[in-house]
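Using full-length UniProt numbering, the first residue of the sequence shown is number 1, and each one after it goes up by one.
Structure first, then comments.
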Amino acid sequence: MSTVEILGTAQDAGVPHLGCRCESCAAAREDPRRARYASAIRLEDAGRYLFDATPDVRFQTVDVPDGVFLTHAHLGHLTGLSYFGRESVDADELPVYATSGLGDVIRDNEPLRSLVRERNVELRAVADGDPVALETTSVTPIRVDHRESLPTGTLAYRLDGPNRSLLYVSDVDALTARVESLIRDVDVALVDGTFWSADEIGRVEAVPHPTVRSSMATLADVDTEVRFTHLNHTNPLVDPASDARERLESAGFRVAARGDVVEL
Ligand SMILES: [Zn+2]
Ligand SMILES: [Zn+2]
Ligand SMILES: [Zn+2]
């Protein structure tokens with residue numbers, strides 16, 4: 001058997017969010033139990049594998065994992081890789097799986113380049129649809145659209161365990177028919193829930209994500225267990241007592257919670 005543990009459920013910048021004094025951010029500063037770490041999961045097979053290297057990684061895991069699968073090159077998904085370098089745990093050839101484009105960026109640019117030079121990490125290129133076989137779980141990277149401006153690409157991951165399957169799609173521009181079918185095709189899906197509604201922030205066109213409200217309508221009849229993750233600090237779902245949370249749960253969906261474990 002293999003398991004997946006949810007390690008973080010916030011958009012890249014976390015909750016609290018730098019510069020923000022909204023109710024959720026103020027509450028999280030007041031009580032760290034209400035803070036949310038950036039979105040990440042850990043697969044436990046015979047080894048342990050992180051998906052996303054977040055700036056909160058030192059709170060999310062104790063030991064150096066047996067591998068890290070990167071989704072893309074944005075703040076909340078990549079910068080935690082630095083914690084495997086000399087200034088921190090000084091890892092020894094930690095396998096890091098990424099698109100070849102992202103691998104090139106890491107290899108060619110400081111500060112992450114030092115991780116390769118010092119052999120803290122060993123980059124392994126993954127290709128769209130080409131599964132990586134772990135002990136009992138197969139991990140398939142799937143290219144998804146997320147900001148065309150990011151030339152190194154963005155990956156979702158599908159994990160197939162001995163009994164069940166899980167999709168991790170933390171960042172995507174829209175819930176297209178293709179993404180919808182990826183969700184319908186698994187037992188559990190952890191889905192981009194950055195925004196509840198389109199009026200949440202002033203610059204929503206610059207950071208496209210499917211809103212949870214529209215995803216709830218699209219996915220109303222799915223058999224898949226859908227949990228929303230990657231919540232922005234402005235998303236009312238951050239507050240467990242919100243009306244939005246009530247509406248979501250009564251429609252049969254959930255907000256992903258840190259510490260939740262899914263058996264595959
Ligand atoms: Zn993100
Ligand atoms: Zn805030
Ligand atoms: Zn992103």
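Even glycine gets a Cβ: it sits at the ideal position worked out from N, Cα and C.
Exposure label - residue i; buried when at least 16 CB within 10 Å
i	result
Asn-163	exposed
Asn-120	buried
Gly-14	buried
Ala-127	exposed
Gly-19	exposed
Val-261	exposed
Ser-250	exposed
Pro-151	exposed
Ala-177	exposed
Gly-202	exposed
Those residues which DSSP pairs with residue i across a bridge
i	result
Asp-110	It should be noted that the sequence gives Glu, not Asp, for residue 110. Answer by DSSP bridge pairing: none, since Glu-110 is not bridged.
Val-95	First, the residue type needs correcting, since residue 95 is Pro and not Val in the sequence shown. Paired residue(s): Glu-122.
Ile-142	Ala-156
Thr-3	Glu-44 and Glu-263
Ser-165	Asp-160
Ala-133	Ser-138
Arg-254	Arg-227
Tyr-37	Tyr-37 pairs with nothing; no bridge assigned.
Ala-10	Ala-38 and Leu-231
Val-15	Arg-36
Backbone secondary structure at residue i - three-state DSSP
i	result
Glu-180	helix
Phe-84	helix
Gly-67	strand
Asp-223	coil
Arg-147	coil
Leu-190	strand
Phe-51	strand
Ser-242	coil
Asp-104	helix
Cys-22	coil
Leu-115	helix
Ser-214	helix
His-77	helix
Val-207	coil
Phe-195	coil
For residue j and residue i, the rounded distance between their alpha carbons
i	j	result
Thr-194	Thr-136	31 Å
Cys-22	Glu-246	21 Å
Ala-53	Tyr-37	11 Å
Trp-196	Glu-118	43 Å
Asp-45	Thr-3	7 Å
Arg-214	Arg-124	Per the sequence presented here, residue 214 reads as Ser, with Arg not at that position. Each residue's Cα considered, the two are about 36 Å apart.
Ala-256	Ile-6	7 Å
Val-238	Thr-224	22 Å
Pro-95	Ala-241	41 Å
Gly-252	Phe-59	30 Å
His-72	Asp-243	33 Å
Phe-228	Leu-102	26 Å
Arg-107	Ala-220	43 Å
Asp-192	Val-144	12 Å
His-209	Thr-79	21 Å
Ala-35	Arg-254	18 Å
Expected contact under 8 Å - CB spacing of residue i and residue j to nearest Å
i	j	result
Val-186	Arg-158	7 Å
Glu-200	Asn-232	7 Å
Leu-81	Leu-115	6 Å
Tyr-97	Gly-67	7 Å
Val-62	Val-89	Not really, about 10 Å apart at Cβ, beyond 8 Å.
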